[in-house]
Amino acid sequence: MENVLLWGFYFLTFYAFLPGFISRTFGFRVFKRGRAREEIALTFDDGPDPVYTPRLLDLLRKYGAKATFFVVGVHAERHPELLRRMAEEGHDIGIHNYLHKTNWLMRPGTVKKQIARTSGIIEQATGVKPVYYRPPWGIVNLFDFANLGYLQIILWSAMFGDWRKRVGVERLTARMMKKLRPGEVLLLHDCGNTFGADEDAPEQMLQALEVYLQRGSERGYRFVTIGELIAVTDKNRAREKAGRQPGWFKRTVTACWMAWERCFNVLFRIVDVGDGSLLHYRIRPYRGGELVLDDGAVIRPNDKIVELHFDNAKLRQLLENSRSLMKVAIFLIRETEKALPALARHLESKADLSDVKGLYGISMIHRGPEAFGFSVLDMPRGSFRFLTTRYLRLLIRVLHPSGGELLRDKNVQFYPRIMAMSMAEFLRRYGSASGRPQPDASGALEPAAAGALPADGPAAAILTGGKTLQQ
């Protein structure tokens, strides 16, 4: 018997208590409070109720307020007309199980069936599939996070005991007024027909809510759906992160990296083209495998090449000062438009190019360089590709303020590719005999450059090339 009780304790702890404690305390995989300047989210559980829900909708319409209703399926099934009215008046509708029963007392499969049944009722009445879920009493079990990944679990930042009539209007109003501030997610109830609730308690909630709405409107607050509060929160968090200065650790790492860049340039004799050019270079024998370029030229091992390097100090400054990745992409296109002719003029005046076969570099640009005449080639698998990938991913983290987030983005594939161009093609396009007009002072894009903007989205345009490792 002692072992049975012990195993029962372990089961309840990991299946029920710990998931509920972690989500309620730390907000793990749930939304419970927003970051806003004037928005407040009103949420109502347990309805719809044929008596109180219509009166609540009238009250919300009076003050131009929007709300989110987490409906119990068995109640929603009886009153689909109330669901339709909620949707028509711009409110969000979420799921609160088919029966008002805790997830701790149900198997994972049963929870899924309750949610699916309620979701079907809502979709049939409104034509919209719900995306928000609030488990009764805010209690989740171990499997809810995995099984309900298609739903956003919504908890709350404030509740007031409004399901009990003994609280009274005056005390309920006072409790709610303490939470009259932006970002709050208020939990209220528009139905008293659930276990532990008083049937006519919503009457007091409506009286207290009218005072709350009136005072809030006077202070300029907006009462919004949970979907709008989430959107506002995401926008404000992004703005805060963009305006936040890097911590001392990242500043130290960046300073050390830039010092290493300067040492690298000296040790490996990297040449600065000058005039603030984005591109640096050195001439050396090519050490990789044979490269067949788009124009039919071939670069073979030991052929002399111009190895390209980005000015990472300039890139870092750009990334730190640009909030929009699209602006970064456009800037880099303009800089490349200017850098390639400048590089051609420099090489023609400083170096003997008779035996130089082409230009070569490695970057994480996926699309765009073809418009400038480069062939974009896959790197062969092996230790060099592995080390180069790790190096460039580290470079993203150092140079970009949100580099870690970019690397975690599943929609953006970061892997290095070879960019190469034959010297004949390079001089034909950008040399003194090319007849190519120089960029005007405005940096206006030519048609070829405009077409170089990556179709993969702005994140794919972040130049991450920098130094190439030795092959």
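Residue numbers (the numbering used here): 895 to 1365. We treat Cβ as the ideally placed atom computed from N, Cα and C, and that holds for glycine.
Practice item. Would you please state the rounded distance, in angstroms, between the beta carbons of residue 946 and residue 1084? I believe it to be under 8 angstroms. Key: 5 angstroms
Exercise for review: Give, in chain order, every unbroken run of the alpha helix (DSSP H) that is at least 4 residues long and sits entirely within the segment 1021-1102.
Suggested key: 1038-1041, 1063-1071
Practice item. With DSSP as the reference, label residue 1175 as helix, strand or coil. Key: strand
**Study point:** Three-state secondary structure assigned by DSSP to residue 1254
**Key:** strand
Point to revise | Distance, residue 1203 Cα to residue 1225 Cα | key: 17 angstroms
Review point. Roughly how many angstroms lie between the CA atoms of residue 1061 and residue 1052, to the nearest whole one?
Key: 16 angstroms
Exercise for review: Determine the burial state of residue 956: buried for a count of at least 16 other Cβ atoms within 10 Å of its Cβ, exposed for fewer.
Suggested key: exposed
**Study point:** First through last residue of the beta strand (DSSP E) which encompasses residue 1270
**Key:** 1269-1272
Exercise for review: Count the other CB atoms, across all protein chains shown, that sit within 10 Å of the CB of residue 988; report buried if there are 16 or more and exposed otherwise.
Suggested key: buried
Exercise for review: Compute the Euclidean distance between the alpha carbons of residue 944 and residue 973, then round it to the nearest angstrom.
Suggested key: 7 angstroms
Check your understanding: Rounded to a whole number of angstroms, what is the C-alpha to C-alpha distance between residue 975 and residue 1118?
Key -> 22 angstroms
Review point. Taking the alpha-carbon positions, what's the residue 1236 to residue 1323 distance?
Key: 12 angstroms
Review point. Roughly how many whole angstroms lie between the Cα atoms of residue 1100 and residue 1079?
Key: 17 angstroms
**Study point:** Residues that DSSP places opposite residue 989 in a beta bridge
**Key:** 965, 1027
Check your understanding: Within 10 angstroms of its Cβ, does residue 1131 collect 16 or more other Cβ (buried), or is it exposed?
Key -> exposed
Check your understanding: Hey, quick one: how far does the beta strand (DSSP E) through residue 1117 stretch, first residue to last?
Key -> 1116-1118
Review point. Taking Cβ to Cβ, would you say residue 1049 is nearer than 8 angstroms to residue 1032?
Key: yes
Check your understanding: Just checking, does the segment 923-942 make contact with the segment 954-971 on the three C-beta pairs under 8 angstroms criterion?
Key -> yes
Check your understanding: Should residue 1023 go down as buried or exposed, given a rule of 16 or more other Cβ atoms within 10 Å for buried?
Key -> exposed
Practice item. Report the three-state DSSP secondary structure of residue 1164 (helix, strand or coil). Key: coil
Practice item. Quick one: measure Cβ to Cβ for residue 1310 and residue 1257, integer angstroms, because I've assumed they're closer than 8 angstroms. Key: 7 angstroms
Practice item. Kindly give me the distance between the Cβ atoms of residue 1107 and residue 959, rounded to whole angstroms, as I take these residues to be in contact under 8 angstroms. Key: 6 angstroms
**Study point:** Local conformation of residue 935 per DSSP, three classes
**Key:** strand
Check your understanding: Per DSSP, which one or two residues make a beta bridge with residue 1314?
Key -> 1254, 1269
Review point. How big is the Cα-Cα spacing for residue 1318 and residue 1252?
Key: 8 angstroms
**Study point:** Residues near residue 1058 in its chain [Cβ-Cβ closer than 7 angstroms; skip 5 each side]
**Key:** 1092, 1095
Check your understanding: Between the C-alpha atoms of residue 1070 and residue 1063, what's the straight-line distance to the nearest angstrom?
Key -> 10 angstroms
Exercise for review: Kindly indicate the opening and closing residues of the alpha helix (DSSP H) around residue 982.
Suggested key: 974-982
Review point. Within 10 angstroms of its Cβ, does residue 1054 collect 16 or more other Cβ (buried), or is it exposed?
Key: buried
Review point. Could you give the residue range of the beta strand (DSSP E) that holds residue 1202?
Key: 1198-1204
Exercise for review: Throw me the rounded Cβ distance for the residue 1207 and residue 1134 pair, which I believe falls under 8 angstroms.
Suggested key: 27 angstroms between Cβ atoms; not a contact.
**Study point:** Own chain, CB closer than 7 angstroms to residue 1165, minus 5 neighbours either side, in chain order
**Key:** 1174, 1175, 1176
Check your understanding: Near residue 1104, what residues of its chain come up, given a Cβ to Cβ distance below 7 angstroms and the 5 sequence neighbours on each side ignored?
Key -> 953
Practice item. Starting from residue 950, trace the alpha helix (DSSP H) both ways and give me its first and last residue. Key: 946-956
Check your understanding: Excluding the five sequence neighbours on either side, which residues of its own chain have a C-beta within less than 7 angstroms of the C-beta of residue 1272, listed in chain order?
Key -> 1311
Review point. Quick one: what's residue 924 bridged to in DSSP?
Key: 1047
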